[in-house]
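Chains as they are written, first to last, in this note's numbering: chain F, 5 to 118; chain W, 6 to 117. Every residue, glycine too, gets a C-beta built ideally from N, C-alpha and C. In this text the structure is predicted, and so the values were computed from the model without any measurement.
Have a look at this one:
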């Protein structure tokens with residue numbers, strides 16, 4: 005079946021622009037996660053949804069970052085007034101219901117802020 | 006807070022060599038432990054996992070044993086192939102916080 009998809013795969017933004025990154029999780033997966041991966045580093049948690057509820061947003065680095073999942077399926081990560089330090093790969097992952105922590109990752113969106 | 010420490014790379018090996026990538030963790034409670042692999046141009050894929058102490062995860066010839074006494078989860082493979090060249094990430098997950106905590110990754114390069 006289809007895996008997690010993300011779009012766009014690459015995004016170049018001028019500093020100060022707003023961007024929106026989309027994630028389509030695996031159909032039926034209840035949990036959805038966003039991570040930020042800087043060059044040469046491991047992914048770092050940003051936020052977590054269970055269905056449409058955002059249960060944890062403790063990893064969002066500033067109030068310029070906003071995520072939503074209004075119908076419990078597709079999610080959008082929005083970054084307002086982008087800064088150079090926002091340049092990174094943004095990963096989306098989904099997970100089925102239940103106690104497993106196994107997460108399925110999308111290919112990521114590489115954001116470059118110039 | 007929770008953290009994962011991996012050996013720095015790159016690790017360069019010849020084909021059929023033995024592989025060890027070290028991973029240690031710091032966490033309260035009893036985390037589940039994972040190895041994820043990222044092949045060039047692809048997304049992260051779960052390689053193996055272990056959910057309690059002394060469990061051994063295995064997949065595709067790779068193994069890792071959850072050692073609570075040494076807080077370690079080292080990845081091993083007896084004979085690597087060129088196709089194993091990738092970046093390997095150790096991670097932990099805990100009850101009540103579903104997000105994973107990742108190490109910084111170890112790049113493996115296998116030469117023919």
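Beta carbon proximity, residue 40 of chain F to chain W, threshold 8 angstroms: Answer no: the Cβ-Cβ gap between residue 40 of chain F and chain W never drops below 8 angstroms.
Check your understanding: DSSP on residue 87 of chain W, reduced to helix/strand/coil?
Key -> DSSP places residue 87 of chain W in helix when its eight states are reduced to three.
Check your understanding: Can you name the residues of chain W whose CB is closer than 9 angstroms to the CB of residue 109 of chain F?
Key -> Going along chain W in sequence order, the residues near residue 109 of chain F (Cβ under 9 angstroms) are 41, 43, 48, 49, 50, 51.
* How would you call residue 105 of chain F, buried or exposed, if buried means at least 16 neighbouring beta carbons within 10 angstroms? -> Taking all protein chains in view, the Cβ of residue 105 of chain F is crowded by 16 or more other Cβ atoms within 10 Å, so the residue is classified as buried.
For residue 35 of chain F versus residue 53 of chain F, is the C-beta spacing smaller than 8 angstroms?
Cβ atoms of residue 35 of chain F and residue 53 of chain F: closer than 8 angstroms.
Q.
I'd like the list of long-range same chain contacts for residue 32 of chain F, defined as Cβ closer than 8 angstroms, with 5 residues on each side in sequence excluded.
A. So the list reads 100, once near-sequence residues are dropped.
**Nearest candidate by alpha-carbon position, reference residue 57 of chain W, set W/42, W/97, W/104** = For residue 57 of chain W, the closest C-alpha among the options W/42, W/97, W/104 is that of W/97.
On a CA-only basis, which of F/81, F/51, F/110, F/42 is nearest residue 7 of chain F? Give me that one, please. Here the closest residue by C-alpha is F/110.
What's the gap between the Cα of residue 62 of chain F and the Cα of residue 39 of chain F?
Answer to the nearest angstrom: the Cα atoms are 12 angstroms apart.
Cα-Cα separation between residue 82 of chain W and residue 30 of chain W, rounded to whole angstroms
Taking the straight line from one Cα to the other gives about 20 angstroms.
Return the residue from the list W/59, W/74, W/68, W/41 that minimises the CA-CA distance to residue 110 of chain W.
Closest by C-alpha distance to residue 110 of chain W, out of W/59, W/74, W/68, W/41, is W/41.
*asked:* Relative to the C-alpha of residue 113 of chain W, which candidate in W/10, W/93, W/23 has its C-alpha closest?
replied: Residue W/93 holds the alpha-carbon nearest to the alpha-carbon of residue 113 of chain W among W/10, W/93, W/23.
**Message:** For the pair the region 58–77 of chain W and the region 82–96 of chain F, tell me if three or more CB-CB distances fall below 8 angstroms.
**Reply:** No, the region 58–77 of chain W is not in contact with the region 82–96 of chain F.
| query | Counting contacts by CB-CB distance shorter than 8 angstroms, is residue 52 of chain F in contact with chain W? | reply | Interface residue, yes.
| chain F residues whose Cβ lies nearer than 9 angstroms to that of residue 3 of chain W | Nothing can be reported for residue 3 of chain W, as the shown portion of chain W is limited to 6 through 117.
Can you name the residues of chain F whose CB is closer than 7 angstroms to the CB of residue 94 of chain W? What residue 94 of chain W touches in chain F: 46.
_For residue 45 of chain F and residue 75 of chain F, what's the separation of their Cα atoms in angstroms?_
Whole-angstrom Cα-Cα distance: 32 angstroms.
*If contact means a Cβ-Cβ distance below 9 angstroms, which residues of the region 56–78 of chain F contact chain W?*
Residues of the region 56–78 of chain F with a C-beta less than 9 angstroms from any C-beta of chain W: 59, 60, 62, 63, listed in chain order.
**Prompt:** On the three-state DSSP scale, how would you describe residue 21 of chain W?
**Reply:** Residue 21 of chain W falls in the coil class under three-state DSSP.
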